[in-house]
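In the working numbering, the protein residues as written are -11 to 584.
#1: Under DSSP, the beta strand (DSSP E) around residue 198 begins and ends at which residues?
#2: Counting only runs that start and end within the region 106 to 188, where is the alpha helix (DSSP H) found for 4 or more residues in a row?
#3: Less than 8 Å separating the beta-carbons of residue 57 and residue 236?
#4: Within its chain, find whatever has a CB closer than 7 Å to the CB of residue 94; leave out the 5 residues flanking it on each side and keep chain order.
#5: What is the rounded straight-line gap between the Cα of residue 341 and the Cα of residue 412?
#6: If you draw a straight line from the alpha carbon of residue 576 to that of residue 142, how long is it in whole angstroms?
#7: In three-state terms, what does DSSP make of residue 405?
#8: Fully enclosed by the region 2 to 55, which beta strand (DSSP E) runs are 3 residues long or longer?
#9: By a C-beta neighbour count over all protein chains shown, 10 Å radius and 16 as the cutoff for buried, is residue -11 buried or exposed?
#10: Just the Cα atoms here: how many angstroms apart are residue 496 and residue -9?
#11: When the Cα of residue 126 is compared with those of 279, 364, 320, which residue comes out closest?
#12: Would you identify the three-state DSSP class for residue 510, choosing helix, strand or coil?
#13: What does DSSP give as the partner residue(s) for residue 340 in the beta ladder?
#14: Have a look at 166, 464, 244, 430 and flag the residue whose alpha-carbon is nearest the alpha-carbon of residue 528.
#15: Since residue 228 sits in a beta bridge, which residues does DSSP pair it with?
#16: Please classify residue 122 as buried or exposed, where buried requires at least 16 neighbouring CB atoms within 10 angstroms.
#17: For residue 243, count neighbouring Cβ atoms within 10 angstroms of its own Cβ and tell me buried if that reaches 16, exposed if not.
#18: Mapping DSSP to helix, strand and coil, what is residue 69?
#19: Work out the CA separation of residue 476 and residue 562 for me, nearest whole Å.
#20: Roughly how many whole angstroms lie between the Cα atoms of residue 87 and residue 138?
#21: In whole angstroms, what separates the C-alpha of residue 229 from that of residue 393?
#22: Check for me: the alpha helix (DSSP H) holding residue 585 runs from which residue to which?
#23: Please list the terminal residues of the continuous beta strand (DSSP E) segment that includes residue 255.
#24: Between the Cα of residue 81 and the Cα atoms of 17, 264, 158, 62, which residue gives the shortest distance?
#25: Which class does residue 217 belong to by DSSP, given the choice of helix, strand or coil?
#26: Could you say which of 211, 323, 239 lies nearest to residue 268 if we only look at CA atoms?
#27: Looking at the strands, I want to know which residues DSSP matches up with residue 490.
#28: In the structure shown, what three-state DSSP assignment does residue 334 receive?
#29: Would a C-beta distance cut-off of 8 Å place residue 216 and residue 263 closer than the cut-off?
#30: Within the same chain, show all residues whose beta-carbon is closer than 8 Å to that of residue 45, passing over the 5 residues directly before and after it, in chain order.
#31: What span of residues does the alpha helix (DSSP H) with residue 416 cover, start to end?
#32: Within its chain, find whatever has a CB closer than 7 Å to the CB of residue 541; leave out the 5 residues flanking it on each side and keep chain order.
#33: Do three or more CB pairs link the region 494 to 511 to the region 446 to 464 at distances below 8 Å?
#34: Closer than 7 Å by C-beta to residue 331: which residues in its own chain qualify, once you throw out the five before and the five after it? Chain order, please.
#35: How long is the line joining the alpha carbons of residue 430 and residue 388, rounded to whole angstroms?
#36: Out of 168, 207, 118, 140, state which residue places its alpha-carbon closest to the alpha-carbon of residue 159.
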């Protein structure tokens, strides 16, 4: 089946929950109102369903080929990318002075969900370009910005980030790629792996951002510098026609995202690839985090988008698949499986989580806009704290839950879900990478429980808790909404207690604190989803008072009620795990994992 963009729910998340009006009031975003958002989402939905979604399955089956050192994308990819560029879709959030449209991250995030849901393999190309643009915009020289940004923002050129090496995965202190100075540039030597869209035939040039070490670099992450290394260099006439010493040595054979070229790149297999230092020496990892933070948020959006696509397919299949009879009427007619209670449970689980995580990602994007544009210093600081806490949750929790959701979508298909021809398995295979790349879930959890908690004893985390408390305190105190508010407040109590537990553990045995970082991240995720659905239920209640027959809002209430009855009870279990399991894990001998 094809994909239908959830335009109304995206509008709801952006306008009713993430407060587009507040973003609209920020300097430079005066035109970013609800009418503009509606028009953009409508067109993006058409492009996603009519152009990107139809080549998702065929791209998966055909994959990418390496021919004479050149990655060749699947049929329809070049044409779709050209339409994407001509439609201006690559330029939404970027500086108008460099050809961008200057729209908030909130609007761009809503559009990105559509791309990822429609065709995850395709959407990875603009995702990486987006991160490269942000890094150059923030840290590049004026000459570098003038040289590269306009073409990257338009989509005429694409960008990558090159971190990983065979011996240096998440541990970037082990990076060995070296950069030797030569006049106004450097010669880069080394190998990078897992480079998404590291080579392709969609554009005439690819701008690689590469981590490497200078000859005098200190050991560890403090010795890493960042370089911009184009695939093609300029000739004497100014044309970008000279092939740099960057070789596509192989394309990875992956579990999923088959239509996305994941390259092994060799730098300097001959005379050395020409590169240019970005910013100051030895600060490359800090600069790369500009890319990574944007990408981590977007990967969470991506995971939820794929989960939405899988959910739509599962719901469609369940409505058509006739199997069995109603449990209360075993002698009656056979019924569609969507009527069976367990199938309803699986669909409600996916639906409620997707809606909650969609809102959470939009709220995080709105805080990103406020942190970047607000003229109120205190508001900027508070918004950045919200971003700092929410990014690892959006990335880590959404990808884990997204993977569970697509697994449930396969389950609904039964045996047909395990058969490739239905397409359900592709979503699962594609989704599996999201908890891994841009920092694994464990790394996100350590960020949340380490850098975002231990560095200040939990002061910032507690301030974020208070922001959420204040929002939830505005809910009515009676009926379902009152119970939802009480449940979120109780969840926030457990987060505060867990902050104290982890701070205490860190003082006694840092390994024990690290051992419970993942359940700590999950605790935040469950409670934050409850926060979002409680706010949504409140809005839905108000709207139903005005329009009692609007099923969109009655369904919102249904999602919230299900979530609070099924997911929020996990809070106490997660809190107990954080309290009791750290020492058990830390003290376990590694010998017990070895099979004799």
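Virtual Cβ for every residue (Gly too), placed ideally from N, Cα, C.
Once the coordinates are examined:
#1: Taking the first residue of the chain shown as position 1, residue 198 is located at position 210. 194 to 200 is the extent of the beta strand (DSSP E) around residue 198.
#2: Correct list: 108 to 127, 138 to 142.
#3: For the purposes of this step, residue 57 is identified with residue 69 of the chain shown, where counting begins at 1. For the purposes of this step, residue 236 is identified with residue 248 of the chain shown, where counting begins at 1. One thing to note: residue 57 has its Cβ within 8 Å of the Cβ of residue 236.
#4: Taking the first residue of the chain shown as position 1, residue 94 is located at position 106. Taken in chain order, the residues that qualify are 2, 6, 8, 11, 350, 353, 354, 357.
#5: Counted from its first residue, the chain shown places residue 341 at position 353. Counted from its first residue, the chain shown places residue 412 at position 424. Residue 341 and residue 412: Cα-Cα distance of roughly 19 Å.
#6: Numbered from 1 along the chain shown, position 588 holds the residue referred to as residue 576. Numbered from 1 along the chain shown, position 154 holds the residue referred to as residue 142. Between residue 576 and residue 142, the C-alpha separation is close to 53 Å.
#7: Position 417 of the chain shown, counted from the first residue, corresponds to residue 405. Here residue 405 sits in helix by DSSP.
#8: Counting only runs of 3 or more residues that sit fully inside the region 2 to 55, the beta strand (DSSP E) segments are 53 to 55, in chain order.
#9: Start at 1 with the first residue of the chain shown, and residue -11 comes out as number 1. Residue -11 comes out exposed.
#10: Residue mapping note: residue 496 aligns to position 508 of the chain shown, counting from 1. Residue mapping note: residue -9 aligns to position 3 of the chain shown, counting from 1. Pairing residue 496 with residue -9, the inter-Cα distance amounts to about 51 Å.
#11: Against the chain shown, residue 126 aligns to sequence position 138. When each option's Cα is compared against that of residue 126, the closest is 279.
#12: Along the chain shown, one-based indexing puts residue 510 at 522. In the structure shown, residue 510 sits in a helix (DSSP, three-state: H, G or I).
#13: The residue you call residue 340 lines up with position 352 of the chain shown. According to DSSP, residue 340 bridges with nothing at all.
#14: The residue given as residue 528 occupies position 540 in the chain shown. Nearest C-alpha to residue 528: 464.
#15: If you number the chain shown from 1, residue 228 lands on position 240. Residue pairing by DSSP places residue 228 opposite 222 in a beta bridge.
#16: Sequence index remark: in the chain shown, residue 122 carries index 134 (1-based). With 16 or more other CB atoms across the displayed protein chains lying within 10 angstroms of its CB, residue 122 is buried.
#17: Counted from its first residue, the chain shown places residue 243 at position 255. Taking every protein chain shown into account, the CB of residue 243 has fewer than 16 other CB atoms within 10 angstroms, so this residue is exposed.
#18: In the chain shown, residue 69 corresponds to position 81, counting from 1. The answer is helix: DSSP assigns residue 69 an H, G or I state.
#19: Position 574 of the chain shown, counted from the start, is the residue given in the question as residue 562. Position 488 of the chain shown, counted from the start, is the residue given in the question as residue 476. C-alpha separation (whole angstroms): 14 Å.
#20: Taking the chain shown and counting its residues from 1, the one referred to as residue 87 is at position 99. Taking the chain shown and counting its residues from 1, the one referred to as residue 138 is at position 150. A direct Cα-to-Cα measurement between residue 87 and residue 138 gives close to 6 Å.
#21: In the chain shown, the residue the question calls residue 229 occupies position 241. In the chain shown, the residue the question calls residue 393 occupies position 405. Answer to the nearest angstrom: the Cα atoms are 46 Å apart.
#22: In the structure displayed, the chain extends from -11 to 584; residue 585 sits before or after that span and is not available.
#23: For the purposes of this step, residue 255 is taken as the residue at position 267 of the chain shown. Residue 255 -> beta strand (DSSP E) spans 250 to 255.
#24: In the chain shown, the residue the question calls residue 81 occupies position 93. The closest CA to that of residue 81, considering only 17, 264, 158, 62, is found on 17.
#25: Counting from 1 along the chain shown, the entry for residue 217 is found at position 229. Of the three classes helix, strand and coil, the one that applies to residue 217 here is strand, per DSSP.
#26: As a position in the chain shown, residue 268 is number 280, starting the count at 1. Looking at the Cα atoms, 211 is the closest of the given residues.
#27: Locating residue 490 in the chain shown gives position 502, counting from the first residue. DSSP output for residue 490 lists no bridge partner at all.
#28: What you label residue 334 is simply residue 346 of the chain shown in a count that begins at 1. In the structure shown, residue 334 adopts helical secondary structure according to DSSP, grouped into three states.
#29: On the chain shown, residue 216 is found 228 positions in, with the first residue counted as 1. On the chain shown, residue 263 is found 275 positions in, with the first residue counted as 1. A contact, by the Cβ cut-off of 8 Å.
#30: Working through the chain shown from its first residue, we reach residue 45 at position 57. Here the set comprises 411, 414.
#31: Walking along the chain shown from the start, residue 416 turns up at place 428. That run of the alpha helix (DSSP H) goes 412 to 419.
#32: As a first step, residue 541 must be located in the chain shown, where it is residue number 553. Cβ neighbours of residue 541 beyond the five flanking positions: 528, 531, 532.
#33: Segment contact: the region 494 to 511 against the region 446 to 464, fewer than three CB-CB distances shorter than 8 Å; contact not assigned.
#34: Numbered from its first residue, the chain shown carries residue 331 at position 343. Closer than 7 Å at the Cβ level, and outside the excluded window around residue 331, lie 306, 325, 400.
#35: The count along the chain shown starts at 1 and reaches residue 430 at position 442. The count along the chain shown starts at 1 and reaches residue 388 at position 400. Distance between residue 430 and residue 388, taken at the CA atoms: about 11 Å.
#36: Translated into positions along the chain shown, residue 159 becomes position 171. Here the closest residue by C-alpha is 207.
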